[in-house]
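Engineer:
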Amino acid sequence: MNATVQGAKKPDYSTYPNLTRAEAQVAARQLLALNGDGPAADDTVLTSVERFYRREARLLDDERFSEWYDLLADDLFYWMPLRENRFRRDKRPALDPDAMALFDERKADIAVRIGRIASNLVWTEDPPTRHVYIISNVEVFETETPGEYEAHSTFLQYRNRSEHDEATLAGRRRDVLRRVGDSYQIVRRLILLPQSILLTKNLSAFF
Amino acid sequence: MELHGSIGVAIKAAELVDIELGHIDRRIFWEPEIYERELQQLFARSWLFVAHESQVDVPGAFVTTYMGQDSVIVARADSGAINVFLNSCPHRGNRVCFADSGQGRAFTCNYHGWSFALDGALKKMPKMGLYKSTPGFRMEDWGLKRARVESYKGLVFATFDETAPSLDAWLGDFRWYLDAVLDVEEGGTEFLPGGATRSVMNCNWKFAADNFAGDIYHALWTHLGGSEPTLGRHGGVVVENERSWQVSVNGHGWEFNDSFLGNAATMGDRELLRYMRSRQEAITARLGAFRANMWGSVASGTVFPNLSFLPGYFTFRTFQPKGPTKTEIHAWTLVPKGMPDDIKDRFRRGSMRTFSPSGLLEMDDGENWEHSTSANAGFVTRNQKLCYSMAPAGQLEETELPGIVHNGQLSDANQRLFYKRWAEMMDADSWADIPIAPCSAHAEAAA
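Order-wise, the sequence lines are chains A and B.
The working numbering applies: residue 179 is where the first sequence begins, and numbers increase by one.
The working numbering applies: residue -5 is where the second sequence begins, and numbers increase by one.
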């Protein structure tokens, strides 16, 4: 993507890849149905997905956001729902695409977020935050769509900035990955943080 | 006035905030004794926002929240009344409800099984005969302590102070302004579904509350990067002292201009702005041009002490005190019930992308408030004053508008008045010593 540069005309994000609301709702339902029920992908695929995730994490740790952006499919749906404490008897769906969320993004929205950082006007990221993003427990399954895989993983994301300012977030991801050449693109991503109250002040990071 | 060392209760809060000069003692953001006094003098006496009526829409519906550091349950009874009561069993003190929201007939304590009705009354417990045969024990003595509850146009407030004035008196003429977000069309408002977006900041709650009461000044610098992607470099946010105001009533503060959708524009959603423009004529017919132009304008507000909101994004949030240097933000998005579903969804995503823990603008604020707080660990530092002095000449003029009105949204006027009310409540032994502004006739009629 073309990150905004000093003095440049601002990009028209309305022309960036997006989804309609109906398409996003379909994508959310697809993610909610990913329960690892399909046949496991073979070890070659598993190894290549793990390699992909290690590279993705390194790009994010190194703030190589433009390269990370290129790993996102144009029909990306990227979702971190809120978690509420509810009784087990509660009949409402625990994860609802129409409910408030922490991230509910399309590729164009990710571009805006990267544009914010690229503005060099974000004082709270200057000096920069240091990140370590650890991906583990990777499982990959075949889907009904050739070339698309269902991938589950866990993550630990450590952030540190300034002197004592740190945050550790652990969670789970469910992805739909699309094979593109010898790598993958992220088509869907569901990020599940176990915290009902975010125990830090912001989510100034990608997951 | 020179104060050194630890602060005892003998010190008057009024001596810590010089309202004329706008000099604020930094110890009010740090000292545990002052914080404890706030829990007693402010949070146990004020009308505090606890829920939107839409969150407890049917009998049995409940949410849990906090009044100060007191955990409370907000529940709709069969009568339709909304009750608010302490979420702590009077038997051994355990929390009786661990869900954030839900639906039920009773709240049953996990410890010994004492069970309470939707109005907090004690209904039953295991082996009730043990108590029936206990001389002097009466069920009615051991319900969950209830608060007074009153609503204003969908917003439910509660207080534990039997002697507090009515909510209408507490809000006073601020109601006339609140209608610019609460009463833009028939049918009222609702919170979007999904519960509160909650996060933790290591800051004193007042830095957040005073910011929303009257600090648009920070947006010109703090939010340069956050607004750059949607608005363009330095270009989008127009903040000037022409055609803009600060109003204050009983410590509540709202700074705004007449741009109609200046705040909303930073969400970068053209469809949403098109919809808002299509509503301008009807809202003007309902509220008059002056208040209609407040609907989505460059603005922020705080209902004293800790309910804040942003027109345009329509985020409503409480800054819940969790200690002198810890604050929890609980945030919701408020929309007119009659708004088209697709537009509601655009507000859901737009408010999330700007003012939530992942929000392009909110992410800039927390760092400021945390370090404004933590700097006071230094003894010499916290014995300095903070400068809330900005008061461009000629701002206070005669006006027909209700409340204390300053021309120009760039000033510290509302924040000084926030701390005036803070000191009044901190020092007052009774409500007789807390001035409540009389309501003006046209504000009373509008409400």
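Beta carbons are placed, not taken as given, at the ideal position from N, Cα and C, and that holds for glycine.
This one's a predicted model, so the numbers in the text were calculated from it and none came from an experiment.
For the segment 198 to 217 of chain B against the segment 357 to 364 of chain B, do three or more pairs of beta-carbon atoms, one drawn from each stretch, fall closer than 8 Å, so that the two count as touching?
Structural biologist: Result yes; three or more Cβ-Cβ pairs closer than 8 Å.
Engineer: Express the C-alpha separation of ALA69(B) and GLN97(B) in angstroms, rounding to a whole number.
Structural biologist: So the two alpha carbons sit approximately 9 Å from each other.
Engineer: Within the continuous beta strand (DSSP E) that includes GLN208(A), where are the two ends?
Structural biologist: Run containing GLN208(A): none in the beta strand (DSSP E); it sits in the alpha helix (DSSP H), 199 to 210.
Engineer: Look up PHE154(B) in the DSSP assignment and say whether it is helix, strand or coil.
Structural biologist: DSSP places PHE154(B) in coil when its eight states are reduced to three.
Engineer: Run down chain A in chain order and give the residues with a C-beta less than 9 Å from the C-beta of ALA93(B).
Structural biologist: The contacting residues are GLU262, ASN263, ARG264, PHE265, ASP268.
Engineer: On the criterion of 16 or more Cβ atoms from any shown chain inside 10 Å, does LYS269(A) qualify as buried, or is it exposed?
Structural biologist: So LYS269(A) ends up on the exposed side.
Engineer: Rounded to the nearest angstrom, how far is the Cβ of GLY247(B) from that of TYR307(B), given a contact under 8 Å?
Structural biologist: Not a contact, Cβ separation roughly 18 Å.
Engineer: Short of 7 Å in beta carbon distance, which residues of its chain neighbour ASP263(B), apart from the five on each side in sequence? Order them along the chain.
Structural biologist: Within the same chain, ASP263(B) has close Cβ partners ARG340, GLY344.
Engineer: If we count Cβ pairs, one from each stretch, closer than 8 Å, do we get three or more for the segment 365 to 382 of chain B versus the segment 306 to 320 of chain A?
Structural biologist: At 8 Å Cβ cutoff, the stretches do not touch.
Engineer: Grab me the residues of VAL358(A)'s own chain with a C-beta within less than 7 Å of its C-beta, minus the 5 sequence neighbours each way, in chain order.
Structural biologist: Same-chain partners within the cutoff: there are none.
Engineer: Quick one: which chain A residues come within Cβ less than 8 Å of THR327(B)?
Structural biologist: By Cβ distance, chain A contributes MET278.
Engineer: In the DSSP assignment, what are the bridge partners of PRO120(B)?
Structural biologist: Note: PRO120(B) sits in no beta bridge, so no partner.
Engineer: Using CA atoms only, rank isn't needed, just tell me which of CYS197(B), TRP416(B), THR296(B) is closest to ASP365(B).
Structural biologist: Going by the sequence as given, residue 365(B) is His instead of Asp. Taking only the C-alpha atoms, the option nearest HIS365(B) is CYS197(B).
Engineer: Buried or exposed: which applies to PRO330(B), given that a residue is buried once 16 or more other Cβ atoms fall within 10 Å of its Cβ?
Structural biologist: PRO330(B) should be labelled buried.
Engineer: Tell me whether the segment 321 to 338 of chain A and the segment 346 to 353 of chain B touch, counting them as touching only if at least three CB pairs, one residue from each stretch, are closer than 8 Å.
Structural biologist: The segment 321 to 338 of chain A is not in contact with the segment 346 to 353 of chain B.
Engineer: Can you name, in chain order, every residue of its own chain whose Cβ lies under 7 Å from the Cβ of LEU380(B), other than the five neighbours on each side?
Structural biologist: Result list for LEU380(B): ILE18, ARG20, in chain order.
Engineer: Residues of the segment 54 to 78 of chain B in Cβ contact with chain A at a cutoff of 7 Å, in chain order, please.
Structural biologist: So nothing in the stretch comes that close.
Engineer: Under the rule that 16 or more other beta-carbon atoms within 10 Å means buried, what is ASP177(B), buried or exposed?
Structural biologist: Buried: at least 16 other Cβ atoms inside 10 Å.
Engineer: If we call anything under 8 Å between Cβ atoms a contact, is PHE154(B) one with ALA38(B)?
Structural biologist: Taking 8 Å as the Cβ cut-off, PHE154(B) and ALA38(B) qualify as a contacting pair.
Engineer: Going by alpha carbons, who is nearest to SER368(B) out of VAL290(A), SER340(A), ALA211(A), ARG207(A)?
Structural biologist: That would be SER340(A), whose Cα lies nearest to the Cα of SER368(B).
Engineer: Between MET384(B) and GLN35(B), is the Cβ-Cβ spacing less than 8 Å?
Structural biologist: It is not a contact, given that the beta carbons lie outside the stated cut-off.
Engineer: Between the segment 406 to 426 of chain B and the segment 244 to 258 of chain B, do three or more beta carbon pairs fall short of 8 Å?
Structural biologist: As far as the Cβ criterion goes, the segment 406 to 426 of chain B touches the segment 244 to 258 of chain B, which means the pair count is three or higher.
Engineer: Okay, do the segment 176 to 190 of chain B and the segment 311 to 330 of chain B touch, 3+ Cβ pairs below 8 Å being the bar?
Structural biologist: The answer is yes - the segment 311 to 330 of chain B touches the segment 176 to 190 of chain B, with three or more Cβ pairs under 8 Å.
Engineer: Using a Cβ-Cβ cut-off of 8 Å, state whether ARG308(A) counts as contacting chain B.
Structural biologist: Judged by the 8 Å Cβ criterion, ARG308(A) is not in contact with chain B.
Engineer: For LYS210(A), I'd like the list of residues in its chain whose CB is within less than 7 Å of its CB, leaving aside the five on either flank, ordered along the chain.
Structural biologist: What sits at residue 210(A) in the sequence shown is Leu, not Lys. Excluding sequence neighbours, LEU210(A) sits near LEU273.
Engineer: Return helix, strand or coil for VAL365(A), following the three-state DSSP convention.
Structural biologist: Strand at VAL365(A).
Engineer: Just checking: is the beta-carbon of VAL194(B) within a distance shorter than 8 Å of some beta-carbon in chain A?
Structural biologist: For VAL194(B), the answer is yes, since a Cβ of chain A falls inside 8 Å of its Cβ.
Engineer: Is the number of C-beta pairs between the segment 274 to 290 of chain A and the segment 245 to 254 of chain A that are closer than 8 Å three or more?
Structural biologist: Short answer: they touch.
Engineer: Would you check if the segment 139 to 159 of chain B and the segment 24 to 35 of chain B touch, i.e. whether three or more CB-CB distances between them fall below 8 Å?
Structural biologist: Not touching, per the Cβ criterion.
Engineer: For THR191(B), which residues in the same chain have their Cβ closer than 6 Å to its Cβ, ignoring the five residues on either side in sequence?
Structural biologist: Answer for THR191(B): ALA325, SER350, listed in chain order.
Engineer: Looking only at its own chain, which residues have a Cβ that is under 6 Å from the Cβ of ASP447(B), when we skip the five neighbours before and after it?
Structural biologist: The first residue shown for chain B is -5 and the last is 441, placing residue 447(B) beyond what the model contains.
Engineer: Taking 7 Å as the limit between beta carbons, can you name the residues of its chain near ASP239(A), skipping five residues before and five after?
Structural biologist: HIS309, VAL310, TYR311.
Engineer: What are the boundary residues of the alpha helix (DSSP H) that includes ASN257(B)?
Structural biologist: First-last of the alpha helix (DSSP H) with ASN257(B): 256 to 259.
Engineer: Relative to the C-alpha of LYS40(B), which candidate in ALA426(B), GLY317(B), GLN49(B), PRO159(B) has its C-alpha closest?
Structural biologist: It should be pointed out that residue 40(B) corresponds to Ser in this sequence rather than to Lys. Comparing Cα-Cα distances from SER40(B) to each of ALA426(B), GLY317(B), GLN49(B), PRO159(B), the minimum goes to PRO159(B).
Engineer: Considering only residues of the same chain and omitting the five flanking positions on each side of LEU161(B), which have a CB-CB separation below 7 Å?
Structural biologist: So the qualifying residues of the chain are TRP41, GLU144, TYR146, PHE151.
Engineer: Flag PHE333(A) as yes if its beta-carbon sits less than 8 Å from any beta-carbon of chain B, otherwise no.
Structural biologist: Answer no: the Cβ-Cβ gap between PHE333(A) and chain B never drops below 8 Å.
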